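For reference, the structure is listed below as structure tokens.
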Amino acid sequence: MDRMRAVRLHLPTRTLSVQEVAKPVPGPGEVLVKVGAAGVCLSDVHLADGTLTPLYLEGESVTLGHEVAGTVETLGPGVGGWTAGQRVVLQAGERRGGRTHTRGVDYDGGWAEYAVASATTLVALPSTLPLEQAAIIPDAVSTPWAAVTGTGDVRPAQAVGVWGAGGLGAHAVQLLRAVGAYPVIAVDPHPAARDRALHFGADLALDSGDPLLREQVLGATGGAGLEAAFDFAGAPPVREQALSVLAPKGRLVLVGLSDQPLTVDRSTRFSYLQHRILGHYGSEEHHVAQLVRLAEGGRLDFSRSITDVLPLEEVATAVRRMETKEGAPVRLILRP
Numbered sequence: 001m002d003r004m005r006a007v008r009l010h011l012p013t014r015t016l017s018v019q020e021v022a023k024p025v026p027g028p029g030e031v032l033v034k035v036g037a038a039g040v041c042l043s044d045v046h047l048a049d050g051t052l053t054p055l056y057l058e059g060e061s062v063t064l065g066h067e068v069a070g071t072v073e074t075l076g077p078g079v080g081g082w083t084a085g086q087r088v089v090l091q092a093g094e095r096r097g098g099r100t101h102t103r104g105v106d107y108d109g110g111w112a113e114y115a116v117a118s119a120t121t122l123v124a125l126p127s128t129l130p131l132e133q134a135a136i137i138p139d140a141v142s143t144p145w146a147a148v149t150g151t152g153d154v155r156p157a158q159a160v161g162v163w164g165a166g167g168l169g170a171h172a173v174q175l176l177r178a179v180g181a182y183p184v185i186a187v188d189p190h191p192a193a194r195d196r197a198l199h200f201g202a203d204l205a206l207d208s209g210d211p212l213l214r215e216q217v218l219g220a221t222g223g224a225g226l227e228a229a230f231d232f233a234g235a236p237p238v239r240e241q242a243l244s245v246l247a248p249k250g251r252l253v254l255v256g257l258s259d260q261p262l263t264v265d266r267s268t269r270f271s272y273l274q275h276r277i278l279g280h281y282g283s284e285e286h287h288v289a290q291l292v293r294l295a296e297g298g299r300l301d302f303s304r305s306i307t308d309v310l311p312l313e314e315v316a317t318a319v320r321r322m323e324t325k326e327g328a329p330v331r332l333i334l335r336p
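Read the sequence shown against this note's numbering and you will find it ends at 336, with the numbers running on by one and no gaps.
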């Protein structure tokens, strides 16, 4: 039996280790992909530290990694339309039994030399898009893209705010600028994150702890406030602060996950100003395809998103750097 290296998470003990496991064989409707690059996300960190737990995983261990790009290795029975060596990126999940299952969470992902994927979850890549950049499109880029263009329904010249300029938030800034939002205001307590937001296209980057933040937002928006605000931090104080600077009929989109209660302190004001709070999660298949096409056409550049590329054996270092924000990473990439 062929073997391969994979990063396995043992859920009962939350132990992460590089192991030799059986190389998967694609079944009917599946494709075996040779992994060329796999992104490291905070969700992976939270799986490892116990903050997140898979909902539909069968068994006690899983290969992590939901941001995956590589080349087609072999086709399973009944699969057509793909050829060996073709460059692809994998959707971060798929529908099974009416429920969304996430790759690298509910079933084995791409922190490995090879990964099996349903043929319907493959998106072809142009030769001009490096695998390291393509790998992060599912989730790191597609989640904020879906939040901006779908849930948030941002239009050109609308004033917007982004709370939390980490991996997803920094891309939100870039994408908001691409769709013509103005001004784009980033809010983060960390100087490095604020600098990153400016580098990614924010018009203004503010410290969330600044007592004059409300005045600065109103000044930048001509006194009107924000038409849309995005919470990528998943923290109750962020939501309260964002609501305080929304324009009448403004909307707050919750992208960052939190297990804390969702409260509105000034409910009369909230109702009078007709504010809205919208939940958001992930993206849909067409969002990844859209982003690949935009990158191919030169409308989006993800080269500055790749902070570092590490071998699979240094997964513990990658997880630690994401968790501690060492070096202010946007995305770290594992290369088997």
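Think of the CB as a built atom: it goes at the ideal place given N, C-alpha and C, for glycine as much as any other residue.
Predicted model, so just to flag it, every value in this text is computed and none were measured.
Alpha-carbon to alpha-carbon, residue j and residue i
i	j	result
Gly152	Gly59	37 Å
Leu42	Pro144	15 Å
Asp44	Gly282	15 Å
Phe230	Ala92	22 Å
Gly81	Gly27	16 Å
Thr317	Leu310	9 Å
Pro248	Thr100	35 Å
Leu176	Val154	8 Å
His275	Arg194	27 Å
Thr102	Gly167	19 Å
Leu122	Val88	6 Å
Gly85	Asp301	24 Å
Gly209	Glu240	13 Å
Leu204	Leu75	49 Å
Ala338	His280	The structure shown does not extend to residue 338, since the chain is modelled only from 1 to 336, so the question has no answer here.
Val116	Ala186	38 Å
Tyr114	Ala134	17 Å
Span of the alpha helix (DSSP H) around residue i
i	result
Asp195	191-199
Arg320	315-324
Leu294	285-296
Ala84	Unbroken run through Ala84: none, as it is neither H nor E.
Leu218	213-220
Leu131	131-135
Ala146	142-146
N-terminal and C-terminal residue of the beta strand (DSSP E) that residue i is part of
i	result
Thr100	99-102
Leu310	306-311
Ala205	204-206
Leu332	331-335
DSSP beta-bridge partners of residue i
i	result
Trp163	Val187, Asp231
Leu90	Val68, Leu122
Glu20	Arg5
Tyr281	DSSP, once it has assigned bridges, lists no residue as partnering Tyr281.
Val116	Leu32
His96	The identity of residue 96 in the sequence shown is Arg, whereas the question assumes His. The partner list for Arg96 (beta bridge, DSSP) reads Arg99.
Arg276	Arg251
His10	Thr15, Ser61
C-beta atoms of residue i and residue j nearer than 8 Å
i	j	result
Arg196	Ala165	yes
Val179	Thr221	no
Gly65	Gly36	no
Ser118	Gly29	yes
Gln174	Gly201	yes
Leu252	Ala242	yes
Trp163	Val238	yes
Gly104	Val62	yes
Val40	Met322	yes
Pro336	Leu312	yes
Ala6	Gln19	yes
Thr128	Glu296	yes
Ser305	His171	yes
Ile136	Val292	no
*asked:* Restricting to runs no shorter than 4 residues, where is the alpha helix (DSSP H) found entirely within the region 30-80?
replied: 42-49
*With a floor of 4 residues, list each alpha helix (DSSP H) that falls wholly inside the region 223-274, ordered by position along the chain.*
236-244, 267-272
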